[in-house]
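Read through the structure below, which is laid out as structure tokens, and then see the notes.
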Amino acid sequence: MAEIPQFKLNTGAHIPSVGMGCWQGQPGAGADNELVDALKKAISVGYRHLDTATGYQNEVEVGQAVRESGVPRSELFVTTKLRPGGVHDVVKEFQDSFNKLNVEYIDLWLLHWPQGFTSSEGGFGSGESFGLEHQKHLGPTFNETWAKMEDIFLNSHKGKVKAIGDSNFSIKTLEILLKTAKVVPAVNQVETHPYLPDQKLVDYCKSKGIHVTAYSPLGQTSKEIHEDKDLNEIAKKYNTTAANVALSWNVQRGVSVAPKSTNENRMKQNITLLKLTDDESKRVDNISNDPKKHTRTNYLVLNKEKQTVLGWTFDEMGWDVGFPKIK
Numbered sequence: 129m130a131e132i133p134q135f136k137l138n139t140g141a142h143i144p145s146v147g148m149g150c151w152q153g154q155p156g157a158g159a160d161n162e163l164v165d166a167l168k169k170a171i172s173v174g175y176r177h178l179d180t181a182t183g184y185q186n187e188v189e190v191g192q193a194v195r196e197s198g199v200p201r202s203e204l205f206v207t208t209k210l211r212p213g214g215v216h217d218v219v220k221e222f223q224d225s226f227n228k229l230n231v232e233y234i235d236l237w238l239l240h241w242p243q244g245f246t247s248s249e250g251g252f253g254s255g256e257s258f259g260l261e262h263q264k265h266l267g268p269t270f271n272e273t274w275a276k277m278e279d280i281f282l283n284s285h286k287g288k289v290k291a292i293g294d295s296n297f298s299i300k301t302l303e304i305l306l307k308t309a310k311v312v313p314a315v316n317q318v319e320t321h322p323y324l325p326d327q328k329l330v331d332y333c334k335s336k337g338i339h340v341t342a343y344s345p346l347g348q349t350s351k352e353i354h355e356d357k358d359l360n361e362i363a364k365k366y367n368t369t370a371a372n373v374a375l376s377w378n379v380q381r382g383v384s385v386a387p388k389s390t391n392e393n394r395m396k397q398n399i400t401l402l403k404l405t406d407d408e409s410k411r412v413d414n415i416s417n418d419p420k421k422h423t424r425t426n427y428l429v430l431n432k433e434k435q436t437v438l439g440w441t442f443d444e445m446g447w448d449v450g451f452p453k454i455k
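This is the structure we're talking about:
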């Protein structure tokens, strides 16, 4: 079984460098036994970090997999997230996640997006989005939501959550958050991969003591990374895959990754990290110099007509890299 390296968080806790992204499960009433079995298999081959969210609607299954894994709770790291539709009652949302997971404590609780939604209906929520000062007539700013998360972490539910952080925050939104934050986020989870290295954000987070975790570290369902010429040429040397090169590159620059897979062979491959040479790492760094390859892939959050992300413009998000133009 592969030994997965870890990164130290600003809380003193350690997060595995490779985790299992859990959003692929099918939400619904009752336990999804297929997902539970897949996660138990992931744990059995060496995974120690399970990354879920309220919006994925599978916290029950993740918790069941943890409890049935046979691995001591202290050896596992469980992440979940506060959904945009839950910012109106943060305490209730936390308690719901805590109860659904039923794993003694939550290792990391993230503010899933800087946006909030006016309605709690649906997995992520729905309605108009808000979160910035000029949108206060619709709901709390993300600074106010963060303050409530801080209180849960430090006071009202102390010990039930070991660290708090955020997700999908840019340098711009982090700077706004840090103006009022009492607790510096332990983690910022963002989309990042060779086609979206976001090195300035990674460096900024490092300067503030914030660890970066990559979701969609292989570019969502996009085939581009798997078929990339540079990645495949490096992979050939190591008799492995472009995906393995991409994951190893991220970990080598200090970014933990949370790929998703239900295939046991790919699970094993994803946690078998390479040691790239400096020249190989630089070659991966340079992939995004091609404008055609410098893109985001999380189309699930994109309004193609308005070119907005969960109701916010790219400028409001603080994103200088968007999606390929939609024809």
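Quick note: the numbering used here has the sequence shown finishing at residue 455, numbered continuously throughout.
Beta carbons are placed, not taken as given, at the ideal position from N, Cα and C, and that holds for glycine.
Keep in mind the model is a prediction, meaning the values are calculated, not measured.
Exercise. Does DSSP classify G251 as helix, strand or coil?
Worked result: Secondary structure at G251: coil, using DSSP grouped into helix, strand and coil.
For this session: Let me know if T301 comes out buried or exposed under the rule of 16 or more other beta-carbons within 10 Å of its beta-carbon.
Result: It is buried - the Cβ of T301 has at least 16 other Cβ atoms within 10 Å.
Exercise. Along the chain, where does the alpha helix (DSSP H) that runs through D165 open and close?
Worked result: Counting along the chain, D165 sits inside the alpha helix (DSSP H) bounded by residues N161 to V173.
For this session: Work out the CA separation of E352 and P322 for me, nearest whole Å.
Result: Between P322 and E352, the C-alpha separation is close to 10 angstroms.
Exercise. How about E319 and T425: do their beta carbons lie closer than 9 angstroms?
Worked result: Yes.
Exercise. Taking the alpha-carbon positions, what's the M395 to F451 distance?
Worked result: When rounded, the distance between both Cα atoms is 28 angstroms.
Problem set entry | Bounding residues of the beta strand (DSSP E) (the contiguous stretch that carries K288) | In the DSSP annotation of this structure, K288 is not part of any beta strand (DSSP E), being labelled neither H nor E.
Exercise. What residues in its chain sit with their C-beta under 8 angstroms from that of Q263, if we drop five residues either side in the sequence?
Worked result: Taken in chain order, the residues that qualify are S257 and T269.
For this session: Report yes or no: do the region 378–387 and the region 422–436 share at least 3 C-beta pairs separated by less than 8 angstroms?
Result: Output reads no: the region 422–436 does not touch the region 378–387.
For this session: Figure out for me which residue from Q327, H339 and E272 has the closest Cα to the Cα of K307.
Result: For K307, the nearest C-alpha among the options comes from E272.
For this session: Kindly indicate which three-state DSSP category V309 falls into: helix, strand or coil?
Result: Strictly speaking, residue 309 in this sequence is Ala, with Val absent from that position. If DSSP states are grouped into helix, strand and coil, A309 belongs with coil.
Problem set entry | Where V199 falls: helix, strand or coil (DSSP) | In this structure, V199 counts as coil in the three-state DSSP scheme.
Exercise. Between G337 and V311, what straight-line distance do the alpha-carbon atoms span, to the nearest angstrom?
Worked result: Looking at the two C-alpha atoms, the distance is approximately 11 angstroms.
Problem set entry | 8 angstroms Cβ shell around S376 - same chain, five flanking residues per side excluded | Cβ within range, chain order: L401, L402, K403 and L404.
Problem set entry | 7 angstroms CB neighbourhood of K136 in its chain, flanking five on each side removed | Within its own chain, the residues whose Cβ lies closer than 7 angstroms to the Cβ of K136, once the five positions on either side in sequence are excluded, are H142, listed in chain order.
Exercise. Under 9 angstroms between the Cβ atoms of E203 and L167?
Worked result: L167 is positioned such that its CB atom lies no closer than 9 angstroms to that of E203.
Exercise. Which one or two residues does DSSP pair with A258 in a beta bridge?
Worked result: The question names Ala, yet the displayed sequence has Phe at residue 258. In DSSP, F258 forms a bridge with G244.
For this session: State buried or exposed for T180, treating a residue as buried only when at least 16 other CB atoms are found within 10 Å of its CB.
Result: T180 should be labelled buried.
Problem set entry | Assumed close pair G128, T246 - CB separation to whole angstroms, cut-off 8 angstroms | Absent from the model: residue 128. The displayed extent of the chain is 129 to 455, so no value can be given.
Exercise. First and last residue of the alpha helix (DSSP H) that includes A275?
Worked result: In the DSSP assignment, A275 falls within the unbroken alpha helix (DSSP H) covering F270 to D279.
Exercise. Is N186 helix, strand or coil by DSSP?
Worked result: Of the three classes helix, strand and coil, the one that applies to N186 here is coil, per DSSP.
Exercise. How big is the Cα-Cα spacing for E196 and N161?
Worked result: The C-alpha of N161 is placed about 12 angstroms away from the C-alpha of E196.
Exercise. What are the boundary residues of the alpha helix (DSSP H) that V318 is part of?
Worked result: Here V318 belongs to no alpha helix (DSSP H); instead the beta strand (DSSP E) covers V315 to E319.
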